[in-house]
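Numbering (our numbering), first residue to last: 1 to 189. Where is the CB? At the ideal position from N, CA and C, for every residue including glycine. In this text, all values refer to a predicted model and were calculated from it rather than measured experimentally. Single-structure report; data block below.
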């Protein structure tokens, strides 16, 4: 199994295909995945009957705390409330490392239809809200944070999406190597 040297934050609306893409990546890489959704059931029991806005703040704090102590190479998170949480998630996850944000884009109606087929679907109003934050929003945020970003289309099959990520990482690695001075290279050995 290969290791993944670059942390990858996979985001996009519920139903866009993030989980399937991450599952494909775990077939070739010995990596830990941090899935923010896994915290939600425990969180609901822990925080009880607080009002929704307070629960969301508590949930974000819980996710950030757990993420900070994680050694995961991949973060998978839907783009719920990105104006409030994306930057904090990205800073916590990447921990000052250069990383890659992968945005899986899909039309609102496709996401809604895919979610309807799930055992525990994301409510339609949340998907509509998630789809209101397009790739361009994340591109601007990634640039501010100094992160690479790659848009993946739901139209591509999972293998094509996966190969696009590998190609991007390979290109990023070549660019990073080309920027190193001879002294930098000598200091690595």
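- Selection 104, 151, 72, 127 evaluated against residue 80 yields 127 as nearest (Cα-Cα).
- According to the DSSP assignment, residue 144 belongs to the alpha helix (DSSP H) that extends over 135-145.
- DSSP places residue 77 in the uninterrupted beta strand (DSSP E) bounded by 74-78.
- Burial is judged here by how many other beta carbons sit within 10 angstroms of a residue's own beta carbon; residue 18 has at least 16 and is buried.
- Look at the region 87-163 and you find these whole runs of beta strand (DSSP E), each 3 residues long or longer: 100-105, 148-153.
- The DSSP-derived three-state label of residue 11 is strand.
- Burial of residue 11 is indicated by the presence of at least 16 other C-beta atoms within 10 angstroms of its C-beta.
- In the DSSP assignment, residue 35 forms a beta bridge with 76.
- Cβ-Cβ distances below 7 angstroms link residue 20 to 158 in the same chain, with the five nearest sequence neighbours on each side left out; the list follows chain order.
- In this structure, residue 32 lies near residue 72, with their beta-carbon atoms less than 8 angstroms apart.
- The shortest CA-to-CA distance from residue 78 to any of 133, 57, 29, 58 is the one to 133.
- With respect to residue 164, residue 147 sits apart: the two C-beta atoms are not nearer than 8 angstroms.
- In this chain, the alpha helix (DSSP H) harbouring residue 18 covers 18-28.
- Contact between the region 57-70 and the region 81-90 is established, with three or more Cβ pairs separated by less than 8 angstroms.
- Around the CB of residue 144, fewer than 16 other CB atoms lie within 10 Å, so the residue is classed as exposed.
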